[in-house]
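A.B. asks: Residue numbers (the working numbering): 172 to 248.
1. Using a Cβ-Cβ cut-off of 8 Å (strictly less than) and excluding sequence neighbours within five positions of residue 204, which residues of its own chain qualify?
2. Do residue 190 and residue 199 have their CB atoms nearer than 8 Å?
3. Between residue 233 and residue 244, what straight-line distance do the alpha-carbon atoms span, to the nearest angstrom?
4. Do residue 222 and residue 195 come within 8 Å of each other at the CB atom, strictly closer than that value?
5. With distances taken Cα to Cα, identify the nearest neighbour of residue 206 among 175, 217, 247.
Structure below.
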């Protein structure tokens with residue numbers, strides 16, 4: 172399956188602490204690859220990167236694994 176990636180640039184509003192905290196909460200609650208794909212479609216890449224630093228180590232490793240799978244799927248598509 173081919174998932175869309177948000178192509179918006181992160182504006183100053185996206186990079187405010189409350190926005191980053193909200194996105195970190197969203198990342199923390201992801202339970203599936205599809206949930207990560209949905210967030211990747213919604214939020215600019217830079218904000219996801221900034222927020223991912225705030226999630227717990229175990230969840231960060233799951234996110235990395237899911238993103239690797241998604242990136243491989245993108246390369247095949």
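Glycine residues also receive a C-beta, built at the ideal position from the N, C-alpha and C atoms.
C.D. replies: So, to answer that:
1. Here residue 204 is taken as the residue at index 33 of the chain shown, counted from 1. If the five residues before and after residue 204 are omitted, its C-beta is found closer than 8 Å to the C-beta atoms of 237, 240, 241, all from its own chain and listed in chain order.
2. To locate residue 190, count along the chain shown from 1; it is residue 19. To locate residue 199, count along the chain shown from 1; it is residue 28. Taking 8 Å as the Cβ cut-off, residue 190 and residue 199 do not qualify as a contacting pair.
3. Mapped onto the chain shown, residue 233 falls at position 62. Mapped onto the chain shown, residue 244 falls at position 73. Distance between the alpha carbons of residue 233 and residue 244: 17 Å.
4. Stepping through the chain shown from its first residue, residue 195 is reached at position 24. Stepping through the chain shown from its first residue, residue 222 is reached at position 51. Residue 222 sits close to residue 195, with the two beta carbons spaced by under 8 Å.
5. The residue given as residue 206 occupies position 35 in the chain shown. Taking only the C-alpha atoms, the option nearest residue 206 is 175.
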